[in-house]
Amino acid sequence: MNETIAPAQLDDKVISRLKEIFGDDRVLTNNTDLMTYSYDASFETQLHPKKPQVAAIALSTNEVSECVKLANEYKIPVYPRGAATGQTGGAVSTKGGIMLDLSKMNRILEIDHRNMQAMIEPGVVQNDLNEALKPFGLRFPPDPGSANMCTIGGMVSNNSSGLRAVKYGVTRHYVLGMEVVLPTGEVIVTGGANSKALKSVSGYDLAHLMIGSEGTLGIVTRLRLKLLPLPVSRGIVLCSFARLEDAGEAVNAVFSSGLQPSAIEIMDFNCTKAVNKMKPELNLPEDNEAVLVFEVDGANEEVTSQVNRLKKVVEKYATYVKFSDEPEECEKLWQARKLVGAAVGLLKPGGFRVYGGEDICVPISRLPETLREIHNIAEKYGIICGIYGHVGDGNLHTGPVVNSNNKIEMENVQKMIDDIHELAIKMEGTTTAEHGVGIVRAKYMDVEHGPAMEVMRAIKKTIDPNNILNPGKMALPN
Amino acid sequence: MKTLTPEESMHTCVRCGACRGVCPTLNITGREADGPRGRVLMARSVIDGEIPVNQEIKDQLDRCLLCSACVDACPIDVQVPDIVMLAKEQIAAAAETTVFQNSESSIEQPGRLASTVKNFFFDKVLADQKRLNQVGNLLWMYQKSGLQTLTRNIGIMKFFPEQLREMEKITPAVLSPSERKPHPEYTPRANERKESRGRVAFFQGCIMDVMFRETNKNSIKLLSKTGFDVVTPKSQMCCGALHHHSGKKDKTIELAKANIEAFEKAEVDYIITNAGGCGAALAEYSDFFRDDPVWLERAKAFSKKIRDISEIIHEKGDLPKTMGHGERVTYQPSCHLQYVMKVKDAPARLVKRVPEVEYVELPEKKYCCGSAGIYNLLQPDLANDILDKKMENVKKTGSGVLLTANPGCFLQMKLGVHREGMEDVIETKHVVDYLVESIERAEVKAH
Ligand SMILES: Cc1cc2nc3c(=O)[nH]c(=O)nc-3n(C[C@H](O)[C@H](O)[C@H](O)COP(=O)(O)OP(=O)(O)OC[C@H]3O[C@@H](n4cnc5c(N)ncnc54)[C@H](O)[C@@H]3O)c2cc1C
Ligand code: SF4
Ligand code: SF4
Numbered sequence: 261m262n263e264t265i266a267p268a269q270l271d272d273k274v275i276s277r278l279k280e281i282f283g284d285d286r287v288l289t290n291n292t293d294l295m296t297y298s299y300d301a302s303f304e305t306q307l308h309p310k311k312p313q314v315a316a317i318a319l320s321t322n323e324v325s326e327c328v329k330l331a332n333e334y335k336i337p338v339y340p341r342g343a344a345t346g347q348t349g350g351a352v353s354t355k356g357g358i359m360l361d362l363s364k365m366n367r368i369l370e371i372d373h374r375n376m377q378a379m380i381e382p383g384v385v386q387n388d389l390n391e392a393l394k395p396f397g398l399r400f401p402p403d404p405g406s407a408n409m410c411t412i413g414g415m416v417s418n419n420s421s422g423l424r425a426v427k428y429g430v431t432r433h434y435v436l437g438m439e440v441v442l443p444t445g446e447v448i449v450t451g452g453a454n455s456k457a458l459k460s461v462s463g464y465d466l467a468h469l470m471i472g473s474e475g476t477l478g479i480v481t482r483l484r485l486k487l488l489p490l491p492v493s494r495g496i497v498l499c500s501f502a503r504l505e506d507a508g509e510a511v512n513a514v515f516s517s518g519l520q521p522s523a524i525e526i527m528d529f530n531c532t533k534a535v536n537k538m539k540p541e542l543n544l545p546e547d548n549e550a551v552l553v554f555e556v557d558g559a560n561e562e563v564t565s566q567v568n569r570l571k572k573v574v575e576k577y578a579t580y581v582k583f584s585d586e587p588e589e590c591e592k593l594w595q596a597r598k599l600v601g602a603a604v605g606l607l608k609p610g611g612f613r614v615y616g617g618e619d620i621c622v623p624i625s626r627l628p629e630t631l632r633e634i635h636n637i638a639e640k641y642g643i644i645c646g647i648y649g650h651v652g653d654g655n656l657h658t659g660p661v662v663n664s665n666n667k668i669e670m671e672n673v674q675k676m677i678d679d680i681h682e683l684a685i686k687m688e689g690t691t692t693a694e695h696g697v698g699i700v701r702a703k704y705m706d707v708e709h710g711p712a713m714e715v716m717r718a719i720k721k722t723i724d725p726n727n728i729l730n731p732g733k734m735a736l737p738n
Numbered sequence: 108m109k110t111l112t113p114e115e116s117m118h119t120c121v122r123c124g125a126c127r128g129v130c131p132t133l134n135i136t137g138r139e140a141d142g143p144r145g146r147v148l149m150a151r152s153v154i155d156g157e158i159p160v161n162q163e164i165k166d167q168l169d170r171c172l173l174c175s176a177c178v179d180a181c182p183i184d185v186q187v188p189d190i191v192m193l194a195k196e197q198i199a200a201a202a203e204t205t206v207f208q209n210s211e212s213s214i215e216q217p218g219r220l221a222s223t224v225k226n227f228f229f230d231k232v233l234a235d236q237k238r239l240n241q242v243g244n245l246l247w248m249y250q251k252s253g254l255q256t257l258t259r260n261i262g263i264m265k266f267f268p269e270q271l272r273e274m275e276k277i278t279p280a281v282l283s284p285s286e287r288k289p290h291p292e293y294t295p296r297a298n299e300r301k302e303s304r305g306r307v308a309f310f311q312g313c314i315m316d317v318m319f320r321e322t323n324k325n326s327i328k329l330l331s332k333t334g335f336d337v338v339t340p341k342s343q344m345c346c347g348a349l350h351h352h353s354g355k356k357d358k359t360i361e362l363a364k365a366n367i368e369a370f371e372k373a374e375v376d377y378i379i380t381n382a383g384g385c386g387a388a389l390a391e392y393s394d395f396f397r398d399d400p401v402w403l404e405r406a407k408a409f410s411k412k413i414r415d416i417s418e419i420i421h422e423k424g425d426l427p428k429t430m431g432h433g434e435r436v437t438y439q440p441s442c443h444l445q446y447v448m449k450v451k452d453a454p455a456r457l458v459k460r461v462p463e464v465e466y467v468e469l470p471e472k473k474y475c476c477g478s479a480g481i482y483n484l485l486q487p488d489l490a491n492d493i494l495d496k497k498m499e500n501v502k503k504t505g506s507g508v509l510l511t512a513n514p515g516c517f518l519q520m521k522l523g524v525h526r527e528g529m530e531d532v533i534e535t536k537h538v539v540d541y542l543v544e545s546i547e548r549a550e551v552k553a554h
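From first to last, the protein sequence lines are chains W and C. Under the working numbering, residue 738 is the last one in the first sequence; the count climbs by one each step, no gaps. Under the working numbering, residue 554 is the last one in the second sequence; the count climbs by one each step, no gaps.
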């Protein structure tokens, strides 16, 4: 079940050198330990887990640097890993090697509230940072659905984002600088070794080359993050539409009216059904094709007026509208959106929600068409599927549900995932808006990027001549 | 009732990692195998027969505290502790038939004597009120006769592991047999209460009733003072949680049936527990009767009535006047209470209603305390680390009173306080005892 392709170099000598670096307790070679380092949250690694030969738990930049130097000397691959909530097999071994667990490097080093920034280690979990920032009235805005569990190191490496990206952007927009261990073991600081500036155009922007490089160019060991003030309050407008096209029109009308919602979420009829199953008291209309949930935020008066304006605009297109600017009622309405990811699994008894083809992105104008096409594809393969996503930027989550012991379904779902990715490119979109490439999307990269892919390979070769860091990902050489 | 069996549940884990942040062992070591997601994979590989059963896998799974924090955090309620338990049962069964010690697929044999003693303890002692009483008597004699001092002095305890020696020191004083008369079968609501808040039954528990007799008495008193008419059925038995967790299915079912019967006869609105561990077990009785439609219905009706004492008082009771004396108080939740019974803040809310008391939230209260017991003996290193961290947080609150809502937590917190040498500074108490004290303080003041 677990396959390990062992590079010959990783022998007892290397293990004992690793133990010198990390101490005996934090170097793991047991079969059972390695099993637990053979996956992330991707469907791919559920089906084909891949064990590293050894796993190490890092606590400091120095340990990371020494480990990478050792690996470079022996030409052993190193796979950086945060919380392994990635959906693409990014933090999983492709050919044995060393799994480097960074989740214990999780100290918040400084909250400099007067300069609106924080210095952290990469293993800090998004939500933990935000809890610590609350007393200062600050926040780190990028908000993936996995904010409760993913590390900020992982977020930066995948350039993650969430449903408020429509107003607040993606992780990339909040990184001022970082400390990185290069594939040769040297440590550099990007964005100015000593800088606390909030803006800088000095030199090549190396931080932004590292962001989204999925651990293939360097290991992030410290981060200097830009923060924003916490919004005072928020309001929610939940509405339902007879036809998908009406929902599309409504979104268009909202933008044209000059409103800037902090989130615009769509759920198809299957999702509505699933959410009702999980929380019957929400009682969402089931005979409609789509539900939209708008969120607005800001100061109290601002929110009330935005909610009222929004309501007026969408009423023209919707069959059903509910809204609120009261915190408790907002929380209730918001539940519809919050629960959907988990609820999708309920579409089928004993169902298993597959993460695959789950974050394609298309132009907003082609959303209705894309949603219909996805349902056609699902029907073709006889698979039930709930679609939801961030309409504000055309980003869709498709959630096929299968029974994991049904062989035919498992094969069909794989084909369905391929078709969805092809569809995304056909619709002038991208195969991944949030989750990254990893192993799973590697096969679409050449089609999506053409000759630009060769430039990416050249950059990788320059920075990582021995191909030590996270090889075999993002269509880069294994 | 849980919708899926452990075997079904173990295949639904999507490896999302939402359970990572609440797992106390993962928090200490950072090893994926010390977290829920890793444990589900390891346990399921044992159950599906994909990996050899050996000492390595046994050691890995033994490190789980079975605290259920992960189930609460999991968006699809993967039953991690049940899955781990099932794998452990299979490992134990394999151990009985394996003789070899150090080969790949072998398991160290548990001492034969130890397992005989354990069986006797579960089958004969815990499941039998009379025997339990006798053990209580023995414990009492041992403590009162000075034998305890003697054994401490001549160092018999030296032969026990350090953990056991420390635990022995914090074991509460057991009441004398004459003080341990059965609770009255019926205790009406207190005189001053005109209107009844409900007719409830009190579940006394086995260990609870011997070792924490005073807390049980106070529980009945508190229920009465807050307006409830209390029945304490004589024929009630141990909840069976310990039997269940040791894989003793037949005995568990026997006890469950006896309790269901005893409490049906009591004809009450609610059945009240003061130990999160017991309450959680009683609330899950229906899981034992999946294949027995008649008992399933009775078990469901029984489980629906289970309430924790803080919960019922907070929701339905009428707390009389209370009075503190300027103390600072914090609360370490019981895992079974907060994660299985889902009673998250009722104890704290009650305490916050006591005037002249400063309630301080315990940082990282989500983490299990390690709940004194077998875990301390089997996993001394990890247990120590977990407890040290807990005490660090307790100290941060600067509290003089540390409240708990379960006997295991109470003992563990006492052990923690003892190890820090802070017995003079921090008092460990059950929420019930604390509330009764503050009511009585107010009564004295009124007179
Ligand atoms: C339920 C669920 C919902 C999700 N929702 C979203 C969403 O809304 N938006 C979104 O964008 N993503 C989402 N994700 C995907 C995932 O959570 C994010 O990509 C997340 O940022 C990954 O963080 P991690 O710590 O788990 O990283 P990992 O999975 O451990 O690693 C991800 C990648 O980063 C690399 N890496 C990790 N740490 C470092 C480091 N310190 N230095 C260099 N490289 C490193 C790894 O090698 C790997 O390539 C979701 C996942 C789940 C399970
Ligand atoms: S047990 Fe639940 S929360 Fe944990 S990884 Fe599995 S599905 Fe996610
Ligand atoms: S039961 Fe507790 S200790 Fe065990 S995996 Fe779950 S959270 Fe961790």
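Each residue gets a CB set at the ideal place from its N, CA and C atoms; glycine is no exception. None of these values were measured; they are calculated from a predicted model.
**Item:** Exposure label - C/Q445; buried when at least 16 CB within 10 Å
**Value:** Stepping through the second sequence from its first residue, residue 445 of chain C is reached at position 338. So C/Q445 counts as buried.
(Q) Please report the distance separating the alpha-carbon of W/A457 from that of W/V435. (A) As a first step, residue 457 of chain W is located in the first sequence; it is residue number 197 there, counting from the start. As a first step, residue 435 of chain W is located in the first sequence; it is residue number 175 there, counting from the start. Using only the alpha carbons, I get a separation of about 12 Å.
What does DSSP give as the partner residues of W/T579 in its beta bridges? Along the first sequence, read from residue 1 onward, the residue named residue 579 of chain W stands at position 319. Its beta-bridge partners do not exist; DSSP assigns none.
Check: By a C-beta neighbour count over all protein chains shown, 10 Å radius and 16 as the cutoff for buried, is C/Y293 buried or exposed?
Finding: Here residue 293 of chain C refers to the residue found at position 186 when the second sequence is read from its first residue. Per the 10 Å Cβ criterion, exposed.
### As assigned by DSSP and simplified to three states, the class of C/I367
Here the question's residue 367 of chain C lines up with position 260 in the second sequence. C/I367 falls in the helix class under three-state DSSP.
For C/K411, count the other beta carbons within 10 Å of its own beta carbon; 16 or more makes it buried, fewer makes it exposed. Which is it? Taking the second sequence and counting its residues from 1, one reaches residue 411 of chain C at position 304. Exposed, since its Cβ has fewer than 16 Cβ neighbours within 10 Å.
- Message: To the nearest angstrom, how far is the alpha carbon of W/R503 from that of W/A550?
- Response: Within the first sequence, residue 503 of chain W is the residue found at index 243, counting from 1. Within the first sequence, residue 550 of chain W is the residue found at index 290, counting from 1. Roughly 7 Å between the two C-alpha positions.
Notebook entry, point to check: Pairing CB atoms from the stretch 582-595 of chain W with CB atoms from the stretch 465-481 of chain W, are three or more of them under 8 Å?
Noted result: no
**Request:** Could you please give the first and the last residue of the uninterrupted alpha helix (DSSP H) stretch that includes C/P131?
**Result:** Taking the second sequence and counting its residues from 1, one reaches residue 131 of chain C at position 24. Here the alpha helix (DSSP H) through C/P131 covers P131 to T136.
Q. How many Å lie between C/K536 and C/V467 at the Cα?
A. The sequence position of residue 536 of chain C within the second sequence is 429, counting from 1. The sequence position of residue 467 of chain C within the second sequence is 360, counting from 1. Using only the alpha carbons, I get a separation of about 15 Å.
Extent of the continuous beta strand (DSSP E) to which C/K536 belongs:
As a first step, residue 536 of chain C must be located in the second sequence, where it is residue number 429. Start and end: E534 to H537.
field: Beta-bridge partners of C/D415, as assigned by DSSP
entry: Here residue 415 of chain C is taken as the residue at index 308 of the second sequence, counted from 1. Answer is C/T380, bridged to C/D415.
| With 16 other CB atoms within 10 Å as the buried threshold, where does C/L257 fall? | Start at 1 with the first residue of the second sequence, and residue 257 of chain C comes out as number 150. Confidence in C/L257 is poor, its pLDDT being 43 and thus under 50, which makes the residue's placement too unreliable to answer from.
Between the Cα of W/G610 and those of C/K358, C/V185 and C/R287, spot the shortest distance and give me the residue it belongs to. By one-based count along the first sequence, residue 610 of chain W stands at place 350. The option with the nearest alpha carbon to W/G610 is C/V185.
Across which residues does DSSP place C/Y293 in a beta bridge pair? The count along the second sequence starts at 1 and reaches residue 293 of chain C at position 186. In DSSP, C/Y293 forms a bridge with C/V338.
Q: Output the distance between the C-alpha atoms of W/I496 and W/L487, rounded to the nearest integer angstrom.
A: Position 236 of the first sequence, counted from the first residue, corresponds to residue 496 of chain W. Position 227 of the first sequence, counted from the first residue, corresponds to residue 487 of chain W. The straight-line gap from Cα to Cα measures roughly 24 Å.
Alpha carbon to alpha carbon, how far is W/N390 from W/P401? Residue mapping note: residue 390 of chain W aligns to position 130 of the first sequence, counting from 1. Residue mapping note: residue 401 of chain W aligns to position 141 of the first sequence, counting from 1. Rounded to the nearest angstrom, the two C-alpha atoms are 9 Å apart.
- Message: Distance check for W/G451 and W/S460, CA to CA, integer angstroms please.
- Response: What you label residue 460 of chain W is simply residue 200 of the first sequence in a count that begins at 1. What you label residue 451 of chain W is simply residue 191 of the first sequence in a count that begins at 1. Approximately 7 Å between the Cα atoms of the pair.
- chain W partners of C/C123, CB-CB under 8 Å? Within the second sequence, numbered from 1, the residue matching residue 123 of chain C stands at position 16. Within 8 Å Cβ-Cβ: A301, T345, S406 and M409.
Item to complete: Return the CA-CA distance between C/L330 and W/D284, expressed in angstroms with no decimal places.
Response: Position 223 of the second sequence holds residue 330 of chain C. Position 24 of the first sequence holds residue 284 of chain W. Between C/L330 and W/D284, the C-alpha separation is close to 54 Å.
I want to see whether chain C comes within less than 8 Å of W/I317, judged by CB atoms only; does it? Locating residue 317 of chain W in the first sequence gives position 57, counting from the first residue. Cβ-Cβ to chain C under 8 Å: yes for W/I317.
**Asked** With distances taken from CA atoms, which of W/N419, W/V441 and W/Q306 is nearest W/H743?
**Response** Lying before the first or after the last residue shown, residue 743 of chain W is absent from chain W, which here runs from 261 to 738.
Short of 9 Å Cβ to Cβ, which residues in the stretch 365-394 of chain C face chain W? none
Given that a residue counts as buried once 16 or more other Cβ atoms are within 10 Å of its Cβ, and exposed if not, what is W/R717?
Here residue 717 of chain W corresponds to residue number 457 of the first sequence, with the count starting at 1. Exposed, since its Cβ has fewer than 16 Cβ neighbours within 10 Å.
Item to complete: On the DSSP bridge assignment, give the partners of W/V497 in chain order.
Response: For the purposes of this step, residue 497 of chain W is identified with residue 237 of the first sequence, where counting begins at 1. Beta-bridge pairing links W/V497 to W/F554 and W/F583.
If we count the other Cβ atoms within 10 Å of its Cβ and call it buried at 16 or more, is W/V556 buried or exposed?
What you label residue 556 of chain W is simply residue 296 of the first sequence in a count that begins at 1. W/V556 is buried by the Cβ-count criterion.
Curious, which full-length alpha helix (DSSP H) runs of at least 4 residues does the stretch 120-204 of chain C contain? 131-136, 143-154, 162-169, 176-180 and 187-204
Looking at the structure shown, is C/F309 part of a helix, part of a strand, or coil, going by DSSP? To locate residue 309 of chain C, count along the second sequence from 1; it is residue 202. Correct three-state label for C/F309: strand.
* Asked: Is the shortest distance between the beta-carbon of C/L469 and the beta-carbons of chain W less than 8 Å?
  -> As a working mapping, residue 469 of chain C is identified with position 362 in the second sequence. C/L469 does not count as touching chain W.
For this session: Can you tell me which of C/L173, C/K503 and C/S545 puts its alpha carbon nearest to the alpha carbon of C/V464?
Result: For this step, residue 464 of chain C is matched to residue 357 along the second sequence. Residue C/S545 is the option with its Cα nearest to C/V464.
How should W/T296 be labelled, buried or exposed, when 16 other C-beta atoms within 10 angstroms of its C-beta is the threshold for buried? Walking along the first sequence from the start, residue 296 of chain W turns up at place 36. W/T296 is buried by the Cβ-count criterion.
Between C/C181, C/G137 and C/R122, which has its C-alpha nearest W/G349's C-alpha?
Counted from its first residue, the first sequence places residue 349 of chain W at position 89. Ranking C/C181, C/G137 and C/R122 by Cα distance to W/G349 puts C/R122 first.
message: For ligand 1, is there any heavy atom lying closer than 7 Å to the beta carbon of W/P337?
response: By 1-based counting over the first sequence, the position of residue 337 of chain W is 77. For ligand 1, not one heavy atom lies less than 7 Å from the Cβ of W/P337.
Looking at C-beta atoms only, is the number of pairs between the stretch 334-345 of chain W and the stretch 365-379 of chain W that lie closer than 8 Å three or more? no
Please determine whether the Cβ atom of W/L469 lies at a distance below 7 Å from any heavy atom of ligand 1.
For the purposes of this step, residue 469 of chain W is taken as residue 209 along the first sequence, with counting starting at 1. No, the Cβ of W/L469 stays beyond 7 Å of every heavy atom of ligand 1.
query: So which residues of chain W does C/G128 contact, with C-beta pairs closer than 7 Å?
result: For this step, residue 128 of chain C is matched to residue 21 along the second sequence. By Cβ distance, chain W contributes V385, N408 and M409.
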